Each structure stands twice: as C-alpha cells, then as structure tokens.
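Structure, as structure tokens:
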Amino acid sequence: MANLAALLETTTENHGDRTAIVFGDTRISYAQLNGAANQVANLLVSRGIQPGDKVALSCPNVPYFTIVYYGILKAGATVVPLNVLLKAREVAYHLDDSDAKAYFAFEGTPDLPIGEEAWEGFQATESCTDFFLIKLDSSAPEPMEPPEFYGPLVAQQPPTFETVQTDDDDTAVILYTSGTTGQPKGAELRHRNMRDNALAGEALFGADVDNPDTYLCVLPLFHSFGQTCIQNGGIAYGGTVVMLPRFEAQAALGLMLKEKVTYFAGVPTMYWGLLGALADGDVDVSSIAETLRVAAAGGAALPAEVHRNFQEKFGVTILEGYGLSETSPVASFSPWGQEVRVGSIGTPIPGVEMKLIDPEWNDVPGDIQDDGKSAVGEIAIKGHNVMKGYYGRPEATAEAIRDGWFRSGDLARKDADGFYYIVDRSKDMIIRGGYNVYPRELEEVLMTHPAVSLVAVIGVEHESHGEEIKAVVVKEKDHDDLTEADLVAWGKEQFAAYKYPRIVEFRDELPMTATGKILKREI
Numbered sequence: 001m002a003n004l005a006a007l008l009e010t011t012t013e014n015h016g017d018r019t020a021i022v023f024g025d026t027r028i029s030y031a032q033l034n035g036a037a038n039q040v041a042n043l044l045v046s047r048g049i050q051p052g053d054k055v056a057l058s059c060p061n062v063p064y065f066t067i068v069y070y071g072i073l074k075a076g077a078t079v080v081p082l083n084v085l086l087k088a089r090e091v092a093y094h095l096d097d098s099d100a101k102a103y104f105a106f107e108g109t110p111d112l113p114i115g116e117e118a119w120e121g122f123q124a125t126e127s128c129t130d131f132f133l134i135k136l137d138s139s140a141p142e143p144m145e146p147p148e149f150y151g152p153l154v155a156q157q158p159p160t161f162e163t164v165q166t167d168d169d170d171t172a173v174i175l176y177t178s179g180t181t182g183q184p185k186g187a188e189l190r191h192r193n194m195r196d197n198a199l200a201g202e203a204l205f206g207a208d209v210d211n212p213d214t215y216l217c218v219l220p221l222f223h224s225f226g227q228t229c230i231q232n233g234g235i236a237y238g239g240t241v242v243m244l245p246r247f248e249a250q251a252a253l254g255l256m257l258k259e260k261v262t263y264f265a266g267v268p269t270m271y272w273g274l275l276g277a278l279a280d281g282d283v284d285v286s287s288i289a290e291t292l293r294v295a296a297a298g299g300a301a302l303p304a305e306v307h308r309n310f311q312e313k314f315g316v317t318i319l320e321g322y323g324l325s326e327t328s329p330v331a332s333f334s335p336w337g338q339e340v341r342v343g344s345i346g347t348p349i350p351g352v353e354m355k356l357i358d359p360e361w362n363d364v365p366g367d368i369q370d371d372g373k374s375a376v377g378e379i380a381i382k383g384h385n386v387m388k389g390y391y392g393r394p395e396a397t398a399e400a401i402r403d404g405w406f407r408s409g410d411l412a413r414k415d416a417d418g419f420y421y422i423v424d425r426s427k428d429m430i431i432r433g434g435y436n437v438y439p440r441e442l443e444e445v446l447m448t449h450p451a452v453s454l455v456a457v458i459g460v461e462h463e464s465h466g467e468e469i470k471a472v473v474v475k476e477k478d479h480d481d482l483t484e485a486d487l488v489a490w491g492k493e494q495f496a497a498y499k500y501p502r503i504v505e506f507r508d509e510l511p512m513t514a515t516g517k518i519l520k521r522e523i
C-alpha cells in the first residue's frame, strides 16, 4: 500500500508487542500506537474529512504527535506539522495558506503556551473548521474555552480502521519552508518521498528490523529531520523512539544511559551541548558508549573539533548528512562502513543524484583542482526524495525544479570520489540552533514598526547557537528614543522564540548597490 501509514501497520502486524514509544514512565507498544492512530482516523472521518484534505498539527515531542500524525495519514488526509513556537499571527497564516480543514494542538506549558497561540490563530482563519485541544487533564478549567477536547472525543472512537488507499504521488505531508518571497512556503511531499527516505536507514546506517535500534528523539518532530530520520525511520524498522520534548544535555545523557540508546541524531549545537554536559556533570560515558551505535548530524556544518571530541568521548564517529525540507529531507550521507571525511556531507544516498550547477542551470565543470576539489557550484538534487512542489505556488515550483532537478540554494564543491563539501549558502538563510530563519520574513515585519525606516537582518557567529540573529536598523526621523531593548522586546512579541532578533544595531544608512539592493556582505 502506498500510504505512508503502512510503515506503522506493517510493523504492528509483525511486532505488535514491541515498545514503539517511550515518554517518561509511559511505554506504548506498536499495537497500542496503531490502535490510538485508528481512533484519530475515525474521528476525522466522522467530522467529514476527505482524502486529500489538509489537517494541521502543533505538538512537541510527545506521543500525541505520532498518534495524530499517523491517524491523519490513515484517513487519507495530508499532515501539516507546524512549529510549536509559532505565534498566533504565524499560526493563522499557515492554516490559511495550507487550506487546513482541521487542527490538532497540544496545550503546552506555562512557558510555552502552544494551545493558546494555536486557538488564537485558529479563530483568525476561514478555511479551518475543527479545532481539537490535546490536554493532559481535560477536567481542569480551561480559560480559552476551546470548542472541543481531544481526549474525550477519541475515547469514543473504535480502535480499528481500514486505512484509506492512496497513490504514491498523493501528498502525505506539507512541510513549511521559505524562500525569495519572504513568506513561508509549503513543500508538498508525496507518500513515496517520505516512505523511501525513511526506508533508506538500512543502507545509510545498517538499520535492521530483526535487531531494532533505540532512537533518542530530541530533534523536533515537526521538522523533517526528526520526522523522517527518527519517527518514520524508527517505526519502519521496528525500533523504539525515546521522546524528549526539549533538548537539555543532561536529560539527554540520562535517557541515553537509562534506555540504552543506540541511535542519536542531532544538529551540531546538540553535540556541542552533550560534550559540555560531560564536563559539568558526573556521567557514565563508558556505559553510553557501550550501546551507542550510530551518531548522525545535519542542519549545519559540524565543527571538526566537536567531531573529534565526540569520537574520543563516546567512541562513535559522527556521520554527517545533508538535506532540506524539499528533499524529505536526506539527500546525501556519509557512507556506512567507510572512513568518514570530516567536513564532508558525504555522497548521494541510494536512488538520489546530485550535481553542481551555475545560476543558469548549467553543469559546473567537474575538473578537480590542485586542492583536490572541483569548482564551486550550487547543489542540485534529483531522485525519489524531491518534493512535488510548493503548495499553491506554481511559479515558485518552476523556479526551484527543472526536469526533475531541485536547486538547493547551497553552494558546494566535490572531490574526485564524489564526496560533497558545503562552501556557503546562496540564500540569506540563517541557521540558529538548528532552526532555519529567513531574514526577508523578519525584515517585512520589522518594517511595520513605526520607528523603523529600513532594516537588514543578518546572521552573526555565535558560540553555542551557530548563528545569532542581528537586525541592523535605520530609524525613522523623530524616533531617536527607540532603543535596542525596545526593538528586541517588540520582536519577541511578533516572532517565534527561535527567530526574533537578539541583537540590534542602529546606523544612519545601509550600504547599497546602484539598484538599491542592500549589501549584506558589507554589513
């Protein structure tokens, strides 16, 4: 069956008693997970959700994410995972842009009121008609007075469901990214895109359903890295997914030890954090090293020093990979069983091609230069992992995909053996702590502040986050009283926590080209 939910159903049929998810003291078997997902599918169908309809989900790394995710798929609908840090304004945009018909949101915590922002955003939409609040204690008072609670509704549904048949090319998931327009765009990922990328685990790191791995899930599941490489990949091979809602180094190390984790994947700042936690606490690293089999990194360049230190402490060589939301996400990976080339993102995964192109889509000459690498070009990707396109944006799709090749916006070189090395990003995207931040989106909102005349948002080097977000601002006349702290506080109200500018610099003018384009390199 083409439906991505077949990954869960196949494993349930063969290994229903195995533990699928661990969350705190809760352990959920595959049979229980599949039954709970069936209840969600029944709920959606009872509300009139049709195959192909879009259903949004705001949820951190807790079992509800996986339950609802597979329930949506079973109903034949498309999952639209949303970043849990989005503010109400941003939630409303995503719901409207994706044409979501229903919306599941986790209540969150006092520090991260996901449910409140979700409910507020839902109320501002026109297309979305059903809102389900996932609340741990549905009997407690709820000031938002949302229309319905998730718990009592699914409890009324039967735990059996005949999964809706889908085609390979039907859209399974819409993941939001951004680009030249400055507004987030929804990358439509087919069932085969997501399925084949999840099933790449056997070739990439020796995943084996008869000897299943235990995966530590600290990467956010609403992001493609965690969703494919941890959740879907783990379920495809009958593994156990140990969930941690928020990355905290000491907590992560504790779970690695307690649950005998064999597979860890993270962005470079997470590896940096784990190494720092070793120095701060008394951790039994030797016991962790005895069970840890695979360590994978992506999302940003991994510093060579972190690579060496991790191998020294944990006895495992980090395998670096590369991908984007538009490629489901994995496009290249350090070949399993071969010596790792530090600084390389590896070679294309099975079934995927990569090449270097110039701005006009011409192939960059592959001649190897004196330093052992080719000339610089933009990475283009073709294969089973490339998205269908950007939802509702045919022009943006045509700009990004030609003859099956997707242009990434990332500049790289490759060596004589076909290993790729990222050089720079042709886009202005900032990667802060593993999250993608798009300056254009921030600039457009910052320009709405009455005291801001002109602004350029850039990334500046940061020790732990990789990059920090900086806004360089020209004030409007007669607004000299605006301070850096004022604008930071205002931005905090407008943007998700990971993307508001922490640094503000005021200038009298910004450097520009003759055509009026701001020269960010000079800034």
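In UniProt numbering, the protein residues as written are 1 to 523.
All residues carry an ideal CB built from backbone N, CA and C; glycine is no exception.
Keep in mind the model is a prediction, meaning the values are calculated, not measured.
Apart from the five residues just before and just after residue i, which ones in its own chain have a Cβ nearer than 6 Å to its Cβ?
| i | result |
| --- | --- |
| P60 | V84 and P245 |
| G392 | none |
| F65 | C59 and L221 |
| N197 | T228, S328, V330 and N385 |
| Y69 | V79 |
| G71 | A37, V40 and A41 |
| residue 572 | Residue coverage of the chain in this structure runs from 1 to 523, which leaves residue 572 outside it and unanswerable. |
| A416 | I368 |
| A304 | V342 |
| A2 | T166, D167, D168 and H191 |
| V283 | L253 |
At the level of alpha carbons, what is the spacing between residue i and residue j?
| i | j | result |
| --- | --- | --- |
| Q231 | L221 | 7 Å |
| P335 | E468 | 32 Å |
| G239 | E493 | 40 Å |
| Q43 | Q165 | The sequence shown places Leu at residue 43, rather than the Gln named in the question. The straight-line gap from Cα to Cα measures roughly 18 Å. |
| R341 | E202 | 21 Å |
| A485 | L442 | 17 Å |
| G389 | L356 | 21 Å |
| D370 | A200 | 35 Å |
| V437 | I458 | 10 Å |
| L153 | I134 | 10 Å |
| A251 | H465 | 19 Å |
| E259 | F310 | 20 Å |
| M447 | P63 | 40 Å |
| M354 | M429 | 21 Å |
| A300 | Y435 | 9 Å |
| N362 | E326 | 21 Å |
| R413 | L324 | 18 Å |
| D508 | G254 | 51 Å |
| L57 | F122 | 12 Å |
| D481 | F506 | 12 Å |
Quick test of your reading: residue i and residue j, contact by CB under 8 Å. State the CB separation rounded to the nearest angstrom.
| i | j | result |
| --- | --- | --- |
| P268 | L216 | P268 to L216, Cβ: 16 Å. No contact. |
| G35 | P159 | 4 Å |
| W405 | I381 | 7 Å |
| Y263 | R293 | 6 Å |
| M387 | L189 | 5 Å |
| D210 | H191 | Between H191 and D210 the Cβ distance is about 26 Å, and since that is not below 8 Å, they are no contact. |
According to DSSP, what are the bridge partners of residue i?
| i | result |
| --- | --- |
| W405 | R402 |
| K355 | A380 |
| H465 | Note: H465 sits in no beta bridge, so no partner. |
| V80 | A56 |
| R190 | T171 |
| M243 | C217 |
| R27 | V22 |
| A432 | The sequence given here has Arg at residue 432, not Ala. Paired residue(s): Y435. |
| Y477 | Rather than Tyr, the amino acid found at residue 477 in this sequence is Lys. Partner(s): none; K477 has no beta bridge. |
| D130 | A102 |
| T177 | K185 |
| K135 | Paired residues: none, contrary to the question. |
Please go through the same chain and pick out, in chain order, the residues whose beta-carbon is closer than 7 Å to the beta-carbon of residue i, but skip the five residues on each side of it.
| i | result |
| --- | --- |
| T515 | Only weak support exists for where T515 lies, its pLDDT of 39 falling under 50; the coordinates are left without a value. |
| A496 | N83, L85, L86, K87 and E90 |
| H15 | Y30 and G238 |
| R407 | I357, E378, A380 and A400 |
| M194 | L4, A172, V173, T228, N232 and S328 |
| D99 | K54 and S127 |
| G266 | V218, L219 and A297 |
Apart from the five residues on each side of it in sequence, which residues of its chain come closer than 8 Å, Cβ to Cβ, to residue i?
| i | result |
| --- | --- |
| S332 | G321, Y322, G323, I345, G346, T347, P348, I349, V352, M354 and Y420 |
| T483 | none |
| I523 | A456, I458, V472, L510 and P511 |
Taking contact to mean at least 3 C-beta pairs separated by less than 8 Å, is the region 12-27 in contact with the region 36-50? no
Three CB pairs or more closer than 8 Å across the region 180-194 and the region 203-214: no
If contact is defined by three or more beta carbon pairs under 8 Å, each pair taking one atom from either stretch, is the region 107-122 in contact with the region 85-99? yes
Could you check whether the region 314-331 touches the region 341-355, counting it as contact only if at least three pairs of C-beta atoms, one from each stretch, sit closer than 8 Å? yes
Does the count of Cβ pairs from the region 470-478 and the region 444-458 closer than 8 Å reach three? yes
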